[in-house]
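Enquirer:
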Amino acid sequence: MSRIIIAEDDDILAEVVRDILIDAGHAVGVLERGEDAMVAIRLKRPDLVILDCNLPGISGVQVLQKMRIESDLWDTPVLMLTARTSNSDEKVAMFAGADEYMRKPFDPDQLIVTVNRLIAGAEERRARMNAPRAMRAI
10 MSRIIIAEDD DILAEVVRDI LIDAGHAVGV LERGEDAMVA IRLKRPDLVI
60 LDCNLPGISG VQVLQKMRIE SDLWDTPVLM LTARTSNSDE KVAMFAGADE
110 YMRKPFDPDQ LIVTVNRLIA GAEERRARMN APRAMRAI
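Using the working numbering, read the sequence shown as starting at 10 and increasing by one per residue.
#1: If contacts are defined as beta-carbon pairs under 8 Å, then Val58 and Ile14 qualify, I think. What distance do you get, rounded to the angstrom?
#2: Under a Cβ-count criterion, where at least 16 other Cβ atoms within 10 Å of its own Cβ denotes burial, should Gly69 be classed as buried or exposed?
#3: Among Leu88, Tyr110, Val87, which residue has its Cα nearest to the Cα of Asp98?
#4: Write down the C-beta distance between Lys113 and Leu90 rounded to the nearest angstrom, noting that I regard them as a contact closer than 8 Å.
#5: Tell me, which residues are paired with Arg112 by DSSP?
#6: Alpha carbon to alpha carbon, what distance is there between Cys62 and Arg93?
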């Protein structure tokens, strides 16, 4: 079971995403504001963060930028789940350090596949980084 933080200001959408991920076996916390998400992320590092670009206070992209400069959070996978559909919005999020960018409305099955892939990739990277030097691939 992975721990996931969702920062989403649309209550109905947040509930839908939360329920999909809980049904897929994950523990999920939902916050409406970027500042609150940042506090929760710092308190107990999640396995994945899902951010909306448009959040009250600091935006999802700003949360992402803060995460990428913090030594304990820089490698936490981040999925941007947003209604912003332009290519320039996606480029901004990816440049800020997003691992994936998914547009609303989204396919629930694709959400689960993407979430599981991001979590597995992060676990694999951590395992490689913690392996003895002789065991690391060159």
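Each residue gets a CB set at the ideal place from its N, CA and C atoms; glycine is no exception.
Expert: Put simply:
#1: Position 49 of the sequence shown, counted from the first residue, corresponds to residue 58. Position 5 of the sequence shown, counted from the first residue, corresponds to residue 14. Sure, about 5 Å apart at Cβ, within 8 Å.
#2: Working through the sequence shown from its first residue, we reach residue 69 at position 60. Buried, since its Cβ has 16 or more Cβ neighbours within 10 Å.
#3: Sequence index remark: in the sequence shown, residue 98 carries index 89 (1-based). When each option's Cα is compared against that of Asp98, the closest is Tyr110.
#4: As a working note, residue 113 is residue 104 in the sequence shown. As a working note, residue 90 is residue 81 in the sequence shown. Correct: roughly 7 Å between the Cβ atoms.
#5: Working through the sequence shown from its first residue, we reach residue 112 at position 103. Answer is Thr91, bridged to Arg112.
#6: Within the sequence shown, numbered from 1, the residue matching residue 93 stands at position 84. Within the sequence shown, numbered from 1, the residue matching residue 62 stands at position 53. One C-alpha to the other measures close to 7 Å.
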